[in-house]
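Inspection log for the structure reproduced underneath, given as C-alpha cells.
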Amino acid sequence: MKLALVGFGNVGKSFAKLVERKRSEFPFHITGIHTARHGTAYDASGLPASPHFGPPAASLEEFLDRAGAEALVEITSLNPETGEPAISHLRAAFARGMHAVTANKGPIAHAYAALRAEAAGAGVQFRFESTVMDGAPVFNMVRNNLPGIKVTGFAGVLNSTSNVAIAAMRRGRSLEDGIEEARAMGITEADATFDIDGWDSAVKAAALANVLMDARVSPLAVDRRGIGRLTPERMSELAGNRKTVRLVTRGRTTPGGEVRLRVRAEVLDETDILAASAGTSNLILLNTDLMGTLGTVSISPGVDQTAYGVFSDLVDITRAPGFGAPASAAMGGSTPAGRR
Ligand SMILES: NC(=O)c1ccc[n+]([C@@H]2O[C@H](COP(=O)([O-])OP(=O)(O)OC[C@H]3O[C@@H](n4cnc5c(N)ncnc54)[C@H](OP(=O)(O)O)[C@@H]3O)[C@@H](O)[C@H]2O)c1
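Quick note on numbering that gives the first Met the number 0: the sequence shown kicks off at 0 and runs consecutively.
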C-alpha cells in the first residue's frame, strides 16, 4: 500500500523506520511526506526513512494528488481547541478516495461523527488507534475482538505527565519539579499546563466517548479539574493512609442515555487497579454490557508504540473486506468501533 505522510516529527520518523523494518512482511511504501516548515518529499517507488526534502507543496491537495498514495497518515501537531487543520487533511483524503489513519486526537475529539460519515460515504477506512493509548489496542480491540458489545462507560489513567508529577510529589518534590522531570523525559505537551490542568485527558475522554459510546461531544463538554492544587504535603498525608492520587478520566451513560465525562485528581487506595499505572504507563478499563469490565494496560509506552498503533491501523485496513477494490465498491466503510 502506498502511503502519504502529513507530518514528520517524532511519530513520523519512528513510523518511517518501522515501515522499513517490516517491509518484507508488510509491503508499505511511503510515496510522499509533507511538513509545515521542512518542505515536501516524493518518490513514487518509496522514500527512505531519512528522506531528502524539497520545496513545500503549494497546498495539501497538491501534495496528495502528486503523492499518488492509497492512504493518508495524518500525524501533524495537535490543535486541542478545534482539531484543525488535521480535520481538513482527513477530508481532503476522503474526497480523493484515500483511506486515512491518524494519531492526532483533535479530529476524533471534535469531528468524529462527521468524519466517520464522510469516510463511509467515500467507501474508505478511517482509523485512529494511537490517539488515546499510544498504540495499545483500545478502539481496535473493541472493533475486532468484542463483536456486539456496547460500551457503557470507561475509567482510565491516560496522562503520563500528571502521573510523573504525582510520583515526584509523593517523593516530597514540588509540582514544578515533577513537570520538569516529565519534560526531561520528552513526554509533556509543548505547554505542560495542558497536561496538568486535565485538557489532554479531556480531549481523550471526548475521543473515547465519540467512538465507543457514539456520543457527539467536544472536550469542552468534559467536567475537568487537573492536579494543579495537589501538594507534596497532601501526598505525604495520603501515603500515611496507604492512599495515592491519579488523574482519572471517566465516562458513563446515565439512566436517561446521556454520556457524562469527567477528569479529576482522584484519591485512590494504593491497591486500586487504577493506581497501578505508575510512571508513564497508561491504563484503561471499559465497562460493557456483555463482557463486564475489561481493559488495556501499556507499560511505559513511547513514540515507537505510537508509531506501531499507526502501523497496526494500516494493517487492519488491508485486512478489511473489500480492500483493494475500487473505493466506491469497498465494503465495510467506517462503522463505529463498538458497533460491529
Ligand atoms: N509523540 C507521541 O508519543 C504521541 C503519542 C500519541 C499521539 N501523538 C500525536 O501524534 C501527532 C504527531 O506527534 P509528534 O510527536 O510526531 O509531533 P511533532 O514531533 O511536533 O511533529 C509534528 C509534525 O507535523 C508537522 N506539521 C504541523 N502542522 C502541519 C501542517 N499544517 N501541515 C503539514 N505538516 C504539519 C510538523 O512539520 P515541521 O516538521 O515542518 O514542523 C512536524 O513534522 C500529534 O497529533 C500528537 O498529539 C503523539
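Don't be surprised by glycine CBs; every beta carbon is placed ideally from N, CA and C.
| Asked | Found |
| --- | --- |
| Buried or exposed for ASP222, going by 16 or more other Cβ atoms inside 10 Å? | exposed |
| Quick check on the burial criterion: 16 or more other C-beta atoms within 10 angstroms. Buried or exposed for GLY67? | exposed |
| Kindly indicate the opening and closing residues of the beta strand (DSSP E) around ILE32. | 28-33 |
| On the DSSP bridge list, what partners appear for VAL41? | The sequence as given places Tyr at residue 41; Val does not occur at that position. Bridge partners of TYR41: GLY31. |
| May I ask which residues mark the beginning and end of the beta strand (DSSP E) holding GLU265? | 258-268 |
| Please classify ILE283: does DSSP put it in a helix, a strand, or coil? | strand |
| Report back the beta-carbon spacing between PHE407 and ILE107 to the nearest angstrom; my notes put them in contact at under 8 Å. | Missing from the structure shown is residue 407; the chain here goes from 0 to 339 and no further. |
| Taking only the alpha-carbon atoms, compute the straight-line gap between ARG90 and PRO254 and give it to the nearest angstrom. | 35 Å |
| Taking 7 Å as the cut-off, does the CB of GLY8 come closer than this to any heavy atom belonging to ligand 1? | yes |
| Who does ARG169 pair with in a DSSP beta bridge? | Its beta-bridge partners do not exist; DSSP assigns none. |
| How about the stretch 38-50 and the stretch 75-88: do they share at least three Cβ pairs that are nearer than 8 Å? | no |
| Can you grab the Cα-Cα spacing for the pair THR334 / VAL141, in whole Å? | Residue placement at THR334 is poorly supported in this model, since its pLDDT is 42, which falls under 50; the coordinates still yield a value, given next. C-alpha separation (whole angstroms): 12 Å. |
| Enumerate, from N- to C-terminal direction, the unbroken alpha helix (DSSP H) stretches of 4 or more residues contained entirely within the stretch 70-127. | 85-94 and 104-121 |
| Looking at the structure shown, is VAL18 part of a helix, part of a strand, or coil, going by DSSP? | helix |
| Quick one: is GLY105 buried, meaning 16 or more other Cβ sit within 10 Å of its Cβ, or exposed? | buried |
| Restricting to Cα atoms, I'd like to know which of PHE62, SER87, VAL216 and HIS98 is closest to VAL72. | HIS98 |
| With a threshold of 16 other CB atoms inside 10 Å of the CB of LEU273, please say whether the residue is buried or exposed. | buried |
| Taking only runs of the alpha helix (DSSP H) that begin and end inside the stretch 165-221, which ones reach a length of at least 4 residues, in chain order? | 174-183, 192-195 and 198-211 |
| Tell me, which residues are paired with GLY250 by DSSP? | PHE153 and LEU260 |
| Report yes or no: do three or more beta-carbon pairs, one from the stretch 233-249 and one from the stretch 257-265, lie closer than 8 Å? | yes |
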